[in-house]
Structure formats: structure tokens, C-alpha cells
Amino acid sequence: MQEIKCPKCGEIFQVDESGYAAILKQVRDKEFSKEIQDRETQFIQDKEKAIKLAEMEVQKRCDAIIKEKEVQIVELKSEISSQKSEKESAIGLTVAEKDKEIADLKNKLDTFNKDKDLEIAKFKSEMNEKLSEKDALILKLNSEKELDKKEHQLNQESLKKQYEVELRLKDEEIERYKDFKAKLSTKMLGETLEQHCEISFNQLRATGFRNAYFEKDNDAKTGSKGDYIFRDKDDSGCEYVSIMFEMKNEADTTATKKKNEDFFKELDKDRKEKNCEYAVLVSMLEPDNEFYNTGIVDVSHRYEKMYVIRPQFFIPMITLLRNAALNSLDYKRELEIVKAQNIDVSNFEAAMNEFKDKFSKNYELASRKFKTAIDEIDKTIDHLQKTKAALLSSEDNLRLANKKAEDLTIKRLTKNNPTMQAKFAEIKNSEN
Numbered sequence: 010m011q012e013i014k015c016p017k018c019g020e021i022f023q024v025d026e027s028g029y030a031a032i033l034k035q036v037r038d039k040e041f042s043k044e045i046q047d048r049e050t051q052f053i054q055d056k057e058k059a060i061k062l063a064e065m066e067v068q069k070r071c072d073a074i075i076k077e078k079e080v081q082i083v084e085l086k087s088e089i090s091s092q093k094s095e096k097e098s099a100i101g102l103t104v105a106e107k108d109k110e111i112a113d114l115k116n117k118l119d120t121f122n123k124d125k126d127l128e129i130a131k132f133k134s135e136m137n138e139k140l141s142e143k144d145a146l147i148l149k150l151n152s153e154k155e156l157d158k159k160e161h162q163l164n165q166e167s168l169k170k171q172y173e174v175e176l177r178l179k180d181e182e183i184e185r186y187k188d189f190k191a192k193l194s195t196k197m198l199g200e201t202l203e204q205h206c207e208i209s210f211n212q213l214r215a216t217g218f219r220n221a222y223f224e225k226d227n228d229a230k231t232g233s234k235g236d237y238i239f240r241d242k243d244d245s246g247c248e249y250v251s252i253m254f255e256m257k258n259e260a261d262t263t264a265t266k267k268k269n270e271d272f273f274k275e276l277d278k279d280r281k282e283k284n285c286e287y288a289v290l291v292s293m294l295e296p297d298n299e300f301y302n303t304g305i306v307d308v309s310h311r312y313e314k315m316y317v318i319r320p321q322f323f324i325p326m327i328t329l330l331r332n333a334a335l336n337s338l339d340y341k342r343e344l345e346i347v348k349a350q351n352i353d354v355s356n357f358e359a360a361m362n363e364f365k366d367k368f369s370k371n372y373e374l375a376s377r378k379f380k381t382a383i384d385e386i387d388k389t390i391d392h393l394q395k396t397k398a399a400l401l402s403s404e405d406n407l408r409l410a411n412k413k414a415e416d417l418t419i420k421r422l423t424k425n426n427p428t429m430q431a432k433f434a435e436i437k438n439s440e441n
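Put into C-alpha cells, the structure is as follows:
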């Protein structure tokens, strides 16, 4: 933007480049025309003054010569008059001489007149040459003015064509987006966005996702649920990737939720509750937002492992996350082995604790009955039968306990427990 100060009111206002160029051209054309007009007027005045001066100078020189000749003639006449009497006798001889002198003077006068005409012609020629130069300069200035005018017109036409081309390209791009949106809407006509994504996945399930799980999330025990859950496992059954999907079409907006970011918080909550690693929002919302039209948008700076995509990136997104998760599959397998070993150790400890509890119960029961029998013997002999029965019962419990103790071996405890078998084998080998 250019600033221009008004010379009358002193106000400063701004104009853009095209307005400034128009004002500058207007001032330049006006000054140029005024300069040409002033130069033409000055040249005509100089020309008239030069001609008048030349004519005056020539006339002055002619008058001086004529006066000089007139003086000479007067002097000659006076001499002739004074000597007329003396020369009357020789008048016949002198007349021819005088006529010759007069003829010579006339020749000189004619020569002077010719010289004067030549000088005047030469001056006029010089004036004409200068006038021609002035006319050539005027023509040159006029041609330059026309060239500037044509150049300005060509620039205007070039800019106009450039703007027309850019406008046409913009219109074509708008039409292309409208056509893309119309085709996309037509493709999904009669089916929801969820059905569209499910059909796209099922078309590739048999070839690219043989071990994958992709079903609707119907578990709403926590109060909310996503749309689809994707899980994939290797041939041994180890899960290595899981994705919670949420599909939002333009018809799914509400009075309070009209943007993609309005659904991030709830999607992140569903991902955590369903124990999924990634969260992906497949959205048709905000169709004019260039941020979401560029491709796969990572919003993990706000919510962990969350992405926003358009429907055409649904399958590429699954493939991308699955391929990335395959790199960590070996680590997950090792983690599963460690978890299984921990479970074996836990089962061994549980078996030991269970045996201890049962043995303690039997021992405690036998102790109580034995004490009861001793008390009964001390109290009365009449209770001998009851005491005998109590002793027999106590003996049976002790026998059972003793039998269980005798039957307790390392082999039985480590049965169906490969981890503990390996551990005891290592101990046995180290002792040997």
C-alpha cells in the first residue's frame, strides 16, 4: 500500500498498487502533454524571433551598404560636378570608365544581393533543420508516449488474462471438490458411513486380514461405546494391534457437536475402557477445513494415539498401524512367555498354600478331638466308649494326615507345571 498526502487538505490516505499506478500514469501523461505543448510554443517563439532577428540583421546590412554606396555616389557626383568643367573635354573618355565603374558597382550590388539571399537561404535552411529536429523530437516523444500507452495496455491485458486463468483454475478446483463430494455422497447414498467402512474392510478381509477381528462395539456397560473395534493377532494367537473406530457423517451432528474435535474426548474414553491401543475418527464433518482434507491427521498432541481421517483413508490407516505394530510383535511374544511363567509360579505357590491349609485343619481337628478324649477319660470312666470313638476318630484323622504327608512328593507338586519341573531339575543338576 502507498501513502499519498492531499496538497489541499493535508489528509493522508492509502491506495493499492493498481490505484497508485493509475494516479501516477495520470500525472505523468498530464505533465508530459504539458511539457510537449510548452516546448512547441517555445520553439515557435524562438523560431519567429530568430527569423525576425535575421531579417533585421540582413536589412540593416543592406541599408548600410546602400547608404555607403549612396555616399560614394554623392561623392562621385560631387567630384563629377566639381570637375565637370575640367573634364568636359575628356568626357568622352571618362564616360566609358564611369559606366564601367557603375557597372562594377551594380555587379558588386548584385553579388551582395546574391550573397544576402544565400545567407538568408542558409539561415532558413538551418532554421528548417532545427525545426525538423524539433518536429522529430516531438514525434519521438509522441511515439514514446504511444509505446508507454500500448505497453500499459499490454500489461493490463496480461494481468487480466493471468487473473482470468487463476480464476478459472479456482473455479475448476471448486467444481472438482464439489464433484468429489457429490460422488462420495452418491456412493454412500442408501448406506451409512459405518456400513461403507464395514463393506470396504470385508472386501479385503479374506486376503489381507485373515486373523483380524472387526465388529461393532455393542458393549455399553460403561455408559458409552464406539462404533467398531479392530483387533489383529498372529498365528499363535498373540494380539499385536487394536483400534477403536468412531464414524461421523454430516448427518450425525447435533446442536452442540458439529466439529471433529467435539468427539475427541469421548472417543479417547471409549479407547481406554475397551483396552484398545489406538483411536481413529473417520469423519465427513467440516468438509471445507483444509487441515482435515490433507490426509491422515495426527491429534496425539491432545489425545494419546488418536488420528482423524477421511473415509478414503480407512483401509490405508489400518494397514499403516498394523504394519507398525508388526515390528513390536517379537517383544509382545516374549512378554506373554514371561506372563505364563509368572502364572506357573503363582499356581505352585497356591498348591503349597492349599496343602498347608488342609494339613493345618486336619491337625487342629485331631488335636481338639485328642484333647476331648483325654478330658473325657479324666472326667468319667462311663464315657470310655465315647472316648474310644473319639480316639478312633482322632487316629483316623492322624492317619489321613500322615498319609497325605507321606504322599506329598516333589513329583506330585510339580505335576502339570513345566516351569517348576525345570527349576527343580536345575537345582538337582547343580547339586550333582
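In the numbering used here, the protein residues as written are 10 to 441.
We put the beta carbon where it would ideally sit given N, CA and C, even for glycine.
These figures come from a predicted structure and were not determined experimentally.
- Annotation note: the region 307-337 contains the following uninterrupted alpha helix (DSSP H) runs of length 4 or greater, listed N- to C-terminal: 323-335.
- Nearest to serine 337 by C-alpha distance, out of Asp144, Ile147, Glu286 and Thr303, is Glu286.
- Cβ-Cβ distances below 7 Å link aspartate 307 to Tyr316 in the same chain, with the five nearest sequence neighbours on each side left out; the list follows chain order.
- Pairing valine 289 with isoleucine 238 gives a Cβ-Cβ distance that is not under 8 Å.
- For aspartate 279, the uninterrupted alpha helix (DSSP H) run begins and ends at 273-282, by DSSP.
- In its chain, beyond the 5 residues on either side, Glu203, Lys225, Asp226, Phe254, Glu255 and Met256 have a beta carbon closer than 7 Å to the beta carbon of aspartate 236.
- Phenylalanine 272 and lysine 266 do touch by the CB rule: their CB atoms are close to 7 Å apart, below 8 Å.
- Put simply, the region 119-133 touches the region 59-74. At least three CB pairs are less than 8 Å apart.
- In this structure lysine 378 is buried. Its beta-carbon is surrounded by 16 or more other beta-carbon atoms within 10 angstroms.
- Judged by their CB atoms, isoleucine 318 and serine 209 are not nearer to each other than the 8 Å cut-off.
- The three-state secondary structure of serine 292, taken from DSSP, is strand.
- Assigned with DSSP and collapsed to three states, isoleucine 147 falls in helix.
- In this structure, asparagine 220 places its C-beta atom within 8 Å of the C-beta atom of aspartate 241.
- Spanning the alpha carbons of valine 291 and isoleucine 183 requires a straight line of approximately 23 Å.
- Burial is judged here by how many other beta carbons sit within 10 angstroms of a residue's own beta carbon; tyrosine 222 has fewer than 16 and is exposed.
- Per the DSSP secondary-structure output, isoleucine 238 pairs in a beta bridge with Glu224 and Met253.
- Rounded to whole angstroms, glutamate 79 and threonine 120 show a C-alpha spacing of 17 Å.
- Straight across, the Cα-Cα distance linking serine 233 with proline 320 is about 23 Å.
- Taking C-alpha positions only, glutamate 142 is separated from leucine 150 by approximately 12 Å.
- Apart from sequence neighbours up to five positions away, the residues of its chain that approach methionine 293 with a beta-carbon distance below 6 Å are Asn258 and Glu259, ordered along the chain.
- With respect to the 8 Å criterion, glutamate 299 and lysine 268 are not classified as neighbours on the basis of their beta carbons.
- In the three-state scheme derived from DSSP, where H, G and I count as helix and E and B as strand, glutamate 286 is classed as coil.
- Cβ contact annotation for arginine 280 (same chain, cutoff 6 Å, sequence separation greater than five): Met253 and Ala288, in chain order.
- Around the beta carbon of alanine 434, a 10 Å sphere encloses fewer than 16 other beta carbons of the protein chains shown; the residue is thus reported as exposed.
- Taking 8 Å as the upper bound for CB-CB distance, glutamate 49 and isoleucine 147 are in contact here, some 7 Å apart.
- In this chain, the alpha helix (DSSP H) harbouring serine 439 covers 427-440.
- Here cysteine 247 is exposed, its C-beta having fewer than 16 other C-beta atoms within 10 Å.
- Per DSSP, cysteine 247 lies in no alpha helix (DSSP H) and is assigned neither H nor E.
- Looking from the CA of arginine 311, the closest CA among Leu330, Ser152 and Leu276 belongs to Leu276.
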